[in-house]
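Its first residue numbered 148, the sequence shown is counted upward by one per residue in our numbering.
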Amino acid sequence: MQTRQEAIQYCHSFQDVYEDYPFHDDNWCVMRHKENKKTFALIYDKDGYVWINVKCDPEWREFWRNAFESVVPAYHMNKTHWNSIILDGSIPDKDIRRMIGESYDLTKGKKK
């Protein structure tokens with residue numbers, strides 16, 4: 148996964164999600180759950196790369212940051228619960244997909 152469009156397309160592979168642009172800035176694409184409106188990925192361009200902010204379990208936060216130099220404390224988010232993934236080609240697609248999937252699961256809410 149290298150491009151913004153690939154990231155957005157992958158996020159759309161999850162059930163009941165939509166794109167939002169709430170900041171009046173087309174650079175920031177926010178992927179949300181339809182049911183609870185919670186964000187599970189923020190996709191944007193910064194410093195010449197596509198970045199994706201994803202929610203993570205605090206127990207896994209440091210694992211991801213230590214495993215890949217391109218996973219850093221999230222830009223403009225709570226750094227306890229969010230990481231930024233920099234799409235610079237250094238992280239295998241399977242790991243990017245796993246982090247996005249974990250974020251989706253953590254934000255989808257509880258079944259009633």
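A virtual CB, placed ideally from N, CA and C, is assigned to each residue, including glycine.
Buried or exposed (CB count within 10 angstroms, at least 16 for buried), residue i
i      : result
TYR168 : exposed
ASN174 : exposed
THR150 : exposed
SER250 : buried
ARG208 : buried
Where residue i falls: helix, strand or coil (DSSP)
i      : result
THR254 : helix
ASN174 : coil
LYS184 : coil
LYS193 : strand
GLU166 : strand
ASN225 : coil
ILE155 : helix
ILE243 : helix
Proximity winner among the options, relative to residue i (alpha-carbon distances)
i      : options                        : result
TYR196 : CYS203, LEU253, MET148         : MET148
ILE232 : LYS241, LYS184, ILE199         : ILE199
HIS228 : PRO239, ARG244, VAL218         : VAL218
LYS257 : LYS185, PRO205, CYS176, MET246 : LYS185
LYS241 : ASP172, TRP211, MET224         : TRP211
PRO205 : PHE161, ASN225, SER237         : ASN225
C-beta contact flag for residue i and residue j at 8 Å
i      : j      : result
TYR157 : ARG179 : no
ALA188 : VAL201 : yes
ILE190 : ALA154 : yes
Cβ distance (whole Å) where residue i is taken to contact residue j below 8 Å
i      : j      : result
CYS203 : ASN183 : About 18 Å separates the two Cβ atoms, so there is no contact after all.
LYS181 : ASP163 : 4 Å
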